[in-house]
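Below is one structure, written out as structure tokens; comments come after it.
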Amino acid sequence: MVLISCQYIESIELFCDEYLSDKKALEMIVNYSHEYLCEIVVTYDYQESRLLPEELEFFFINWTSHIPQKSLSLEIIRCENDKTSL
């Protein structure tokens, strides 16, 4: 996992699609990130986020075990990519 080697990374943007769900992305971040990470942007490529409120709550509960250097900024963005138009 890239995050293990990047001890001083402060920001990360993940693109979620059929290969990486937003739930799995947040699980990886909470399990493998270091204390300097403070900005997370999750962009997903489907109509609705498949992230349930309970899963987001689980992320925040687990994030409290981190010793952050700064406050957390979490953005979840839906990609406005229209695949039907060329």
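When we follow my numbering, the leftmost residue of the sequence shown carries the number 17, and every step to the right adds one. The beta-carbon is built from N, C-alpha and C at its ideal position, and this holds for glycine as well. The structure presented is a predicted model; accordingly, all values stated were derived computationally and were not measured.
Local Cβ density within 10 Å of residue i, reported as buried at 16 or more and exposed below that
{"i": "L88", "result": "exposed"}
{"i": "D38", "result": "buried"}
{"i": "E27", "result": "Here residue 27 turns out to be Ser, not Glu, going by the sequence shown. By the 10 Å Cβ count, S27 comes out exposed."}
{"i": "S49", "result": "buried"}
Counterpart residues of residue i in DSSP-defined beta bridges
{"i": "I28", "result": "I56"}
Contact belief for residue i with residue j at Cβ below 8 Å, rounded distance in angstroms
{"i": "T59", "j": "F31", "result": "5 Å"}
{"i": "C54", "j": "Q85", "result": "7 Å"}
From the options, residue whose alpha carbon lies closest to that of residue i
{"i": "T80", "options": "L67, R94, E51 and E29", "result": "E51"}
{"i": "E91", "options": "L42, N47, F74 and S21", "result": "L42"}
Practice prompt. Would you list, in sequence order, the uninterrupted alpha helix (DSSP H) runs of no fewer than 4 residues that lie entirely inside the stretch 62-94?
Written response: Taken in chain order, the whole alpha helix (DSSP H) runs of length 4 or more contained in the stretch 62-94 are 69-79.
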